[in-house]
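Q: Let me begin by handing over the structure; questions about it come next.
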Amino acid sequence: LWLAIAKKFEPLLLLPIGFGGLLSNIPEAGMALTALESLLAHHDAGQLAVIAAKLNCAPDVHAIKEALALALPSVQSQMENLAVDMGYTPGVLALFYKVAIGSGVAPLVIFMGVGAMTDFGPLLANPRTLLLGAAAQFGIFATVLGALTLNYFGLISFTLPQAAAIGIIGGADGPTAIYLSGKLAPELLGAIAVAAYSYMALVPLIQPPIMRALTSEKER
C-alpha cells in the first residue's frame, strides 16, 4: 500500500493487492473463509464429528483437513454444502474467489483488458524485439527447476504441480500465473498472485542495479 500510494509504483496492481491482503487477514472476520473453513475454525465438537463421519476420519480439525485434501472435488463440494446447512456462510472474499477466480472469468477479463491497452507500435516497427519477449519465457523453466531443486534438497517441499504453478511466475504474466495456479495448486494461489504482481510492479526498482552491474556507462 505504501509503495502504491507514496511511491506511485503500479498503484492499479499493488493497491488492490495490499487492500485485499488486509481484508483477508482481519482477525476473526473470516472474510476469506469458505463455509467449511468457518466451521473448522469454530471448533464445535458435534459439528466436527458429523463432518468426520462423512469423511471416515478422526473428529479433529487436522485429520479433517488432511481427509479433505485427499477427497474428490465432489466430496469437497458435499462437505461445503453440509457446512452451509449447519448455518455457516462463506466470506465475501471467498465468494469473490469462487465467482471470479475459481470459474476462470477474472483471468480472461484481465487478458482482454491488457490486450486492449497494449501498444504494438514499437513491435511492428522493430520485429526483432519479439525475441526479447520470447527469451523471457526461459524464466518459466528456470523457476520450475529452482522449485524442484528446493524440494530435492529438502529445504521446501513442492510437488510437481506446485512447482509448475510457481514456475509460471517466470513468464512475467500475472493472469496466466493466476489461472494456472488455480488449476494446479489452488492452495498456493494467494502467494503466487502476490509474488507475480509484486515483482512485476517493482521492476523499476529492481532493474536499475542489475543494469549497472551488467553494463558499462557507455552502453547504458
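Residues in the sequence shown are numbered from 3 upward in steps of one, following the numbering used here. For glycine and all other residues, C-beta sits at the position ideal for the given N, C-alpha and C. Nothing here was measured: the structure is a model prediction, and the numbers come from that model.
Assess contact between the segment 204 to 220 and the segment 185 to 194, defined as three or more Cβ pairs (one per stretch) separated by less than 8 Å. Is contact present?
A: Because the criterion of three Cβ pairs below 8 Å is not met, the segment 204 to 220 and the segment 185 to 194 do not touch.
Q: Hey, out of 20, 65, 119, whose CA is closest to residue 197's CA?
A: For this step, residue 197 is matched to residue 195 along the sequence shown. The residue with the shortest Cα to Cα distance from residue 197 is 20.
Q: Counting Cβ pairs closer than 8 Å, one from the segment 82 to 98 and one from the segment 30 to 45, do we hit at least three?
A: Verdict: yes, contact present.
Q: Apply the 10 Å Cβ neighbour rule to residue 164 and answer buried if 16 or more other Cβ atoms are within range, or exposed otherwise.
A: As a working mapping, residue 164 is identified with position 162 in the sequence shown. Buried, since its Cβ has 16 or more Cβ neighbours within 10 Å.
Q: For the putative contact between residue 109 and residue 177, defined by C-beta atoms under 8 Å, what is the C-beta separation to the nearest angstrom?
A: Translated into positions along the sequence shown, residue 109 becomes position 107. Translated into positions along the sequence shown, residue 177 becomes position 175. 4 Å between Cβ atoms; contact.
Q: My parser needs the alpha helix (DSSP H) runs of 4 or more residues fully inside the segment 136 to 178; what are they?
A: As far as the segment 136 to 178 is concerned, its whole alpha helix (DSSP H) runs of at least 4 residues are 140 to 154, 162 to 169.
Q: Taking only the alpha-carbon atoms, compute the straight-line gap between residue 78 and residue 209 and give it to the nearest angstrom.
A: Numbered from 1 along the sequence shown, position 76 holds the residue referred to as residue 78. Numbered from 1 along the sequence shown, position 207 holds the residue referred to as residue 209. Residue 78 and residue 209: Cα-Cα distance of roughly 44 Å.
Q: What is the DSSP secondary structure of residue 87, reduced to helix, strand or coil?
A: As a first step, residue 87 must be located in the sequence shown, where it is residue number 85. Here residue 87 sits in helix by DSSP.
Q: Cβ atoms of residue 42 and residue 66: under 8 Å apart, would you say?
A: For the purposes of this step, residue 66 is identified with residue 64 of the sequence shown, where counting begins at 1. For the purposes of this step, residue 42 is identified with residue 40 of the sequence shown, where counting begins at 1. Against a cut-off of 8 Å, the Cβ pair of residue 42 and residue 66 comes out as a contact.
Q: Can you tell me the Cβ-Cβ gap for residue 53 and residue 184, rounded? I've got them flagged as a contact below 8 Å.
A: Residue mapping note: residue 53 aligns to position 51 of the sequence shown, counting from 1. Residue mapping note: residue 184 aligns to position 182 of the sequence shown, counting from 1. Between residue 184 and residue 53 the Cβ distance is about 25 Å, and since that is not below 8 Å, they are no contact.
Q: Using C-beta distances below 6 Å, list every residue in its chain close to residue 180, excluding the 5 sequence neighbours before and after it, in chain order.
A: Looking up residue 180 in the sequence shown gives position 178. Contacts found: 109, 195.
Q: Between the Cα of residue 58 and the Cα atoms of 127, 73, 170, which residue gives the shortest distance?
A: The sequence position of residue 58 within the sequence shown is 56, counting from 1. Comparing Cα-Cα distances from residue 58 to each of 127, 73, 170, the minimum goes to 73.
Q: Whole angstroms are fine: how far does the CA of residue 75 sit from the CA of residue 226?
A: Residue 226 lies beyond the residue range present for the chain, which begins at 3 and ends at 222; the question has no answer from this structure.
Q: From what residue to what residue does the alpha helix (DSSP H) around residue 213 run?
A: As a first step, residue 213 must be located in the sequence shown, where it is residue number 211. Its alpha helix (DSSP H) spans residues 205 to 216.
Q: Just the C-alpha distance for residue 160 and residue 6, rounded to the nearest angstrom, thanks.
A: Mapped onto the sequence shown, residue 160 falls at position 158. Mapped onto the sequence shown, residue 6 falls at position 4. Approximately 31 Å between the Cα atoms of the pair.
Q: In terms of alpha-carbon separation, which member of 148, 200, 219 lies closest to residue 11?
A: The count along the sequence shown starts at 1 and reaches residue 11 at position 9. Closest by alpha carbon: 200.
Q: Closest by CA to residue 138, which one among 68, 170, 220?
A: As a working note, residue 138 is residue 136 in the sequence shown. Per the Cα distances, 170.
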